[in-house]
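K.L.:
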Amino acid sequence: MAETATPGVVEVKEPSFPFGKKEKQLITDPLMDNNPVTIQVLGICSALAVTTQVFPSFVISIAVVFVCAFSSLITSLLRNNIPTQVRMIVQLVIIATLVTVVELVLKAFSFEVYKQLSVFIGLIITNCIVMGRLEAFAMANRPWKSFLDGIGNGLGYGLILLIVAFFRELFGKGTLFVGSPAEIFIIGANNATTSYWINTAAESGFGSYFSWYANNNLMVLPAAAMFIIGIFIWWQRSRNPKLVDIS
Amino acid sequence: MEFFNVFIKSAFIENMVLAYFLGMCSFLAVSKTVKTAFGLGLAVIFVLAVTMPINWMINEYLLGETGVFGTDLTFLRFILFIAVIASMVQLVEMVIEKVSPSLYNSLGIFLPLITVNCAILGGSLFMVSREYNLSESVAFGLGGGFGWFLAIIALAAIREKLRYSNVPPALRGLGMAFILTGLMGMAFMSLMGIDPTVYSVGN
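Residue numbers (the working numbering), protein chains in the order written: chain A, 914 to 1160; chain B, 53 to 255.
1. Going by beta carbon distance, what residues of the same chain come within less than 8 Å of V58 of chain B, once the five residues before and after it are set aside?
2. Measuring straight from C-alpha to C-alpha, what distance separates R1000 of chain A and L990 of chain A?
3. How would you list, in chain order, the residues of chain B whose beta-carbon sits under 7 Å from the beta-carbon of A1009 of chain A?
4. Note down, one range per segment and in chain order, each alpha helix (DSSP H) of at least 4 residues found wholly within the region 210-245 of chain B.
5. Which residues of chain A have a Cβ atom closer than 8 Å to the Cβ of P164 of chain B, listed in chain order?
6. Could you tell me which chain A residues have their CB closer than 9 Å to the CB of F178 of chain B, listed as they occur along the chain?
7. Taking 8 Å as the limit between beta carbons, can you name the residues of its chain near N1129 of chain A, skipping five residues before and five after?
8. Determine the extent of the alpha helix (DSSP H) in which A1021 of chain A is found, giving its start and end residues.
9. Could you tell me the distance, in whole angstroms, from the CA atom of P153 of chain B to the CA atom of F1022 of chain A?
10. Measuring only the C-alpha atoms, how far is N67 of chain B from K934 of chain A?
11. Starting from E117 of chain B, follow the alpha helix (DSSP H) in both directions and report where the run begins and ends.
12. Put L1089 of chain A into one of helix, strand or coil per three-state DSSP.
13. Between P969 of chain A and chain B, is the shortest Cβ-Cβ distance under 8 Å, so that the two count as touching?
14. List, in chain order, every chain B residue whose beta-carbon is nearer than 8 Å to that of T941 of chain A.
15. State the DSSP-derived secondary structure class of V977 of chain A, mapped to helix, strand or coil.
16. Does the Cβ-Cβ distance between A203 of chain B and L115 of chain B come in under 8 Å?
17. Looking at the secondary structure, which residues open and close the alpha helix (DSSP H) in which V144 of chain B lies?
18. Considering only C-alpha positions, which residue in the set B:P220, B:L173 and B:A229 is nearest to S1151 of chain A?
19. Could you check the C-alpha separation between I973 of chain A and T123 of chain B for me, to the nearest Å?
20. Step through the CB atoms of chain A and report whether any lies within less than 8 Å of the CB of I106 of chain B.
21. In chain B, which residues lie less than 8 Å from V1012 of chain A when you measure between Cβ atoms?
22. Classify A982 of chain A as buried or exposed, calling it buried when 16 or more other Cβ atoms lie within 10 Å of its own Cβ.
23. Taking Cβ positions only, does F1140 of chain A come closer than 8 Å to chain B?
24. Compare the beta carbon distance of M1139 of chain A and L961 of chain A with 8 Å and say whether it is the shorter of the two.
25. Is V86 of chain B near A239 of chain B, with beta carbons less than 8 Å apart?
26. Tell me whether L100 of chain B is buried or exposed, calling it buried when 16 or more other Cβ atoms sit within 10 Å of its Cβ.
27. With distance defined between alpha-carbon atoms, name the residue in A:L1005, A:V1006, A:I1037 and A:Q1004 nearest to E1016 of chain A.
28. Listing by chain order, which chain A residues have their CB less than 7 Å from the CB of L214 of chain B?
29. Kindly indicate if chain B contains any beta-carbon less than 8 Å away from that of L1036 of chain A.
30. For G199 of chain B versus S62 of chain B, is the C-beta spacing smaller than 8 Å?
31. Counting contacts by CB-CB distance shorter than 8 Å, is L1134 of chain A in contact with chain E?
32. Indicate the three-state DSSP secondary structure (helix, strand or coil) for D942 of chain A in the structure shown.
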């Protein structure tokens, strides 16, 4: 939250087209070089707890993109009418309202997912990404750009979430996308009876290739998420030395 | 006895930072020196310990069907909880500014940021979902805050020492802090052996 150095924030004077180059950058920059999680250190809190499986992470990502985009839009529309002394409370009320909407929608349409994620949906309110982008961008920019910035940062957050969840679910449980319509059981020893790959492999005589695999319980623990993000930061910063922090 | 139990459980076994990974942003950002970490830790203990009973009373007497309004108002929970937290943080800020200007200056922007510290709102939501009573929720607030305090002091101390180590450049700073936190989380994980039922909660 603190290291909110946001090199991407540039106030542009001239009126720009709805999908100009600057607007495109607002969406693509947060995906890698100005990623909210690994560069701006925002929104790590709620990110790590949900990433044991890909599907819940996907749901949270969608929710964050929605909340981020629309809270930026609303804040940006109101930005000239919000007194500075109470702006944090106003922002929090906007965010909290949107999160409550998301929670009620999820409760109504996908109760299983809602039960799994109940606390963490609520924690989107205190997700530093939403508030951080409101402070850093939406309070100083026009509605359409703030909206795009919200979408971009939500997507950047979702990208990290999905990468972490992919490795954690694959190695921790030997499955992928459990809970979604496209669920796959790949290598988990405990899932041998339901595994598509093991069954077809066994029929064709290659079953023993996978049957040695035992689930790696470390990957299910939250600590594994920290390692994966740490390694991701390592990869990202050695790829682009400009991102290395000197302190 | 129940009070003591909840305190120990929330401080060590279910440590907010190292078991649930809540309050991570300020945990990673403020842990560069022990001094500022100490001040922030104390502020978090205070805010958690005060907001927890207030939010308990709001949840019990205003929001439930047995409350003052007699209808189910639980959909207002987030907004009311976060409003209580924001006003408490505002109060803490004013008190610290009057009592100790030097601490106020060294904390700087991180003091108001306690509002969006996930551990605070997370604590209140856990309190509701675990159905604690009033004294248990006080213990939970104190214990959770104390656990957060211990964790940030520990990380800050390690990071101060780490400045003299030969870490790969791309991993220096933030990357190393992530990996350290993961290792500390694993160390705290062994405390979960005290109560086997806790083990599955985080997942």
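Don't be surprised by glycine CBs; every beta carbon is placed ideally from N, CA and C. If you're wondering where the values come from, they're calculated on a predicted model, not measured in any experiment.
P.N.:
According to the structure data:
1. Within the same chain, V58 of chain B has close Cβ partners Y184, E188, A191, F192 and G195.
2. Approximately 13 Å between the Cα atoms of the pair.
3. In chain order: F130, I131 and I134.
4. Taking only runs of at least 4 residues, the alpha helix (DSSP H) segments lying wholly in the region 210-245 of chain B are 226-241.
5. Chain A residues near P164 of chain B: M1001.
6. Within chain A, the residues placing a beta-carbon under 9 Å from that of F178 of chain B are V1032, ordered along the chain.
7. Closer than 8 Å at Cβ, skipping near neighbours: F1084 and G1085.
8. A1021 of chain A -> alpha helix (DSSP H) spans R1000 to F1022.
9. The straight-line gap separating the alpha-carbon atoms of P153 of chain B and F1022 of chain A is approximately 51 Å.
10. Linking N67 of chain B to K934 of chain A through their CA atoms gives a straight-line distance of about 46 Å.
11. Note, E117 of chain B: premise wrong, no alpha helix (DSSP H); not H, not E.
12. Correct three-state label for L1089 of chain A: strand.
13. At a cut-off of 8 Å between beta-carbon atoms, P969 of chain A makes no contact with chain B.
14. Near T941 of chain A there are no residues of chain B at all, since even the closest Cβ is about 22 Å away, more than 8 Å.
15. Helix, per DSSP.
16. The answer is no: Cβ separation not under 8 Å.
17. Here the alpha helix (DSSP H) through V144 of chain B covers R129 to V151.
18. Checking every option, the nearest Cα to that of S1151 of chain A belongs to B:P220.
19. Approximately 30 Å between the Cα atoms of the pair.
20. Chain A contact via Cβ: absent.
21. In chain order: F130.
22. So A982 of chain A ends up on the buried side.
23. Chain B contact via Cβ: present.
24. Yes, the pair counts as a contact, with Cβ atoms nearer than the cut-off.
25. No.
26. Burial of L100 of chain B is indicated by the presence of at least 16 other C-beta atoms within 10 angstroms of its C-beta.
27. Looking at the Cα atoms, A:I1037 is the closest of the given residues.
28. The contacting residues do not exist; L214 of chain B stays about 12 Å from chain A at best.
29. Output row for L1036 of chain A: interface = yes.
30. Contact: yes.
31. The chain labelled as chain E is not found among the protein chains of the depicted structure, namely A and B.
32. Three-state DSSP puts D942 of chain A in a helix.
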